[in-house]
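**Student:** What follows is a structure written as structure tokens; I'll ask about it next.
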Amino acid sequence: MSLQKSWYLRNGSRLEFRWEIFNVFNRTNFDVPNRFFGSPNFGRIFSALNAREMQFGMRYAF
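Using this note's numbering, the final residue of the sequence shown is 62, and nothing's skipped along the way.
This is the structure:
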């Protein structure tokens, strides 16, 4: 999910602000299971992916 806002400045340039969110609802996303058929841990999941992450950005276009 992302939100973006642009402001047009007097000299014809533009300022943009952007906010991006990954995993908005903070649900657990499990990593891939063990894929080695001969392993006693075949098919088991041992880790999860990252929780909610956000990033901000600003851009000045002239």
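Cβ atoms here follow ideal geometry from the backbone N, Cα and C, with glycine treated the same way.
Predicted model only: the values in this text are computed from it and were never measured.
1) Please report the straight-line C-alpha distance between leucine 9 and leucine 15, rounded to a whole angstrom.
2) Measuring alpha carbon to alpha carbon, tell me which of Pro33, Pro40 and Phe56 ends up nearest phenylalanine 46.
3) Could you check how far apart the C-beta atoms of methionine 58 and phenylalanine 17 are, in whole angstroms? I think they sit under 8 Å.
4) If I measure Cβ to Cβ from tryptophan 19 and keep anything under 6 Å in the same chain, skipping five residues before and after, which residues do I get?
5) Taking the alpha carbon of alanine 51 as the reference point, which residue from Phe36, Asp31, Gly38 and Pro40 has its own alpha carbon closest?
**Tutor:** So, to answer that:
1) So the two alpha carbons sit approximately 7 Å from each other.
2) Selected option, being the one with the closest Cα: Pro33.
3) The Cβ separation is near 5 Å, so the contact holds.
4) Within the same chain, tryptophan 19 has close Cβ partners Leu3 and Phe56.
5) Of the candidates Phe36, Asp31, Gly38 and Pro40, the one whose C-alpha sits nearest the C-alpha of alanine 51 is Asp31.
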